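Following: one structure in structure tokens, then a few remarks.
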Amino acid sequence: MQREQRRKEKHLQKLRQKETDEISLKILAEERKLMETQRKLESIRLLDALFERIKLKQKLFDGKQSKVEPAKKSSASTNKKADKLKAAQEKEIEKMRQRVKQVKDGNLLKNFLGTSGQSSATRSRSPSVNTISSDDSILNDQPSDGKKKKKKKKSMSDLSS
1 MQREQRRKEK
11 HLQKLRQKET
21 DEISLKILAE
31 ERKLMETQRK
41 LESIRLLDAL
51 FERIKLKQKL
61 FDGKQSKVEP
71 AKKSSASTNK
81 KADKLKAAQE
91 KEIEKMRQRV
101 KQVKDGNLLK
111 NFLGTSGQSS
121 ATRSRSPSVN
131 TISSDDSILN
141 DQPSDGKKKK
151 KKKKSMSDLS
161 S
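Under the working numbering, the residue at position 117 of the sequence shown is numbered 117, and the numbers go up by one with no gaps.
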């Protein structure tokens with residue numbers, strides 16, 4: 001009976017370990033996606049800053065308002081596209097952050113509660129505590145005197161009288 005119980009516990013432990021490994025892999029994949037998206041967003045920001053510098057340089061170089069007007073119109077459409085792309089990337093990053101947070105929170109909650117249906121009291125005690133009989137001094141609230149009283153066994157003749 002104990003052997004079967006130990007085997008069952010080992011099997012459950014392997015399943016829990018496999019589940020935590022899978023969750024960890026999912027977290028790593030989501031974090032990689034998040035990092036990639038953050039890099040894309042940073043590159044968009046850098047390109048936006050570069051375009052702004054190019055525009056300023058062009059204004060200084062040309063110095064003519066007539067040539068700047070058409071550039072403003074094309075730059076406005078470019079800015080709108082860049083802003084839309086930035087907003088989309090930021091939304092995607094926020095969604096990924098939320099997913100990673102949910103997965104991590106769920107994983108922490110599972111680890112805290114445990115995946116088996118055991119109560120927290122039975123999980124916290126060692127298996128040896130379950131095998132101690134109720135008349136042992138370990139479970140008694142009163143301290144033992146160190147002296148054990150032996151019970152007299154009644155013989156058959158004592159019982160008949």
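Positions of the beta carbon are idealized from the N, C-alpha and C atoms, including for glycine. Fair warning: this is a prediction, and the values are worked out from it, not measured in the lab.
Terminal residues of the alpha helix (DSSP H) in which residue i lies
i: residue 35; result: 2–62
Distance between beta carbons of residue j and residue i, contact taken as under 8 Å
i: residue 183; j: residue 89; result: Since the first and last residues shown for the chain are 1 and 161, residue 183 lies out of range.
i: residue 85; j: residue 54; result: Contact flag wrong, Cβ pair sits at about 18 Å.
i: residue 93; j: residue 38; result: 6 Å
i: residue 36; j: residue 100; result: Contact doesn't hold; Cβ gap of about 13 Å is too wide.
i: residue 105; j: residue 82; result: With a Cβ gap of about 34 Å, residue 105 and residue 82 do not count as contacting.
Neighbourhood of residue i by C-beta, 7 Å cutoff - its chain only, sequence neighbours within 5 removed
i: residue 122; result: Per-residue confidence for residue 122 stands at a pLDDT of 44, beneath the threshold of 50, marking its modelled position as unreliable; no derived number is given.
i: residue 51; result: 78
i: residue 6; result: none
Cβ-based neighbour list, residue i, same chain, cut-off 6 Å, excluding 5 preceding and 5 following
i: residue 34; result: 96
i: residue 107; result: 23
i: residue 3; result: none
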